[in-house]
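Q: Numbered per numbering that gives the first Met the number 0, the sequence shown spans residues 0 to 211. C-beta: ideal position from N, C-alpha, C; glycine also. In this text the structure is predicted, and so the values were computed from the model without any measurement.
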Amino acid sequence: MADVDEQPLSHPFPELHGHGLRLRLWDAESDADVEAWLRGVSDPEFQRWNTPLRIVRDIDGARESLRSRAENVADGTGVFLCVTDAASGATLGHIGIQEIDHVMRVARVGYWVLPEARGRQVAARALALAARYAFGAVRLHRLELGHALGHDASCRIAERCGFRYEGTLRGAMFEAGRQDAFRDVHLHARLATDPAPTFPTPAKETEGDVQP
């Protein structure tokens, strides 16, 4: 069972521990964090499935990207977490709880995993841990997860973590590498009232990326 400090979104932010992972806030002033962020969002597999509004191309852009996310943490509209291995401390990837609406108690989740950490269910373990925090400490009622149509790995991860498939959103995401064309999105969601899923047993597969 994951051990999550259930307290309001506040400073200092509580680290999340469980499922062999440690989740902490990204640090825009840490060169190691900035380099890991740049590697993650520059990875071809990430770019295949995501086209951010602001493309990060270098270290300066990566640092600015992390600083903007720190502003979201400060104003309570997002939580952006560096996923690390609990034993070694190695950075494995990212998971974010974003676009938090405290009135409707809804938010979106997204993640990515560094190439060397794939095949170890990092995304699924981080998603399970982050969802518990969102439903507990943040008191959200609904978490949404969207991924590009055809991203079967993300479908499997979502369903394993209790995010039910709810339908296809037409033209709801940019095409890969373009901001003038759109593609369909699979929408998954999990409610706080849904039964907690049984955590999946390890299996070798490529873990997908969804919007960070």
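In terms of DSSP beta bridges, what is L20 paired with?
A: Answer is G17, D84.
Q: Using DSSP with H/G/I as helix, E/B as strand and the rest coil, what is A188?
A: If DSSP states are grouped into helix, strand and coil, A188 belongs with the strands.
Q: Pick out the complete alpha helix (DSSP H) segments inside the segment 87 to 158, 4 residues or longer, and give them in chain order.
A: Complete alpha helix (DSSP H) runs here, min 4: 121 to 135.
Q: Nearest-angstrom Cα distance between K203 and V121?
A: Because K203 sits at a pLDDT of 38, beneath the cut-off of 50, its placement in the model cannot be relied upon, and the following sentence gives the value as read from the coordinates. Roughly 11 Å separates the two Cα atoms.
Q: Would you call the segment 132 to 139 and the segment 157 to 167 in contact, with 3 or more CB pairs under 8 Å?
A: Not touching, per the Cβ criterion.
Q: Nearest-angstrom Cα distance between L186 and L148?
A: Each residue's Cα considered, the two are about 9 Å apart.
Q: Assuming L20 and A85 make a contact with CB atoms under 8 Å, what is their CB distance in whole Å?
A: Confirmed, Cβ separation roughly 6 Å.
Q: Out of A133, A129, L126, point me to the one whose CA is closest to D100's CA.
A: D100 has its Cα closest to that of A133, out of A133, A129, L126.
Q: Please go through the same chain and pick out, in chain order, the residues whose beta-carbon is closer than 6 Å to the beta-carbon of G60, but skip the five residues on each side of it.
A: The answer is none, since no qualifying residue turns up.
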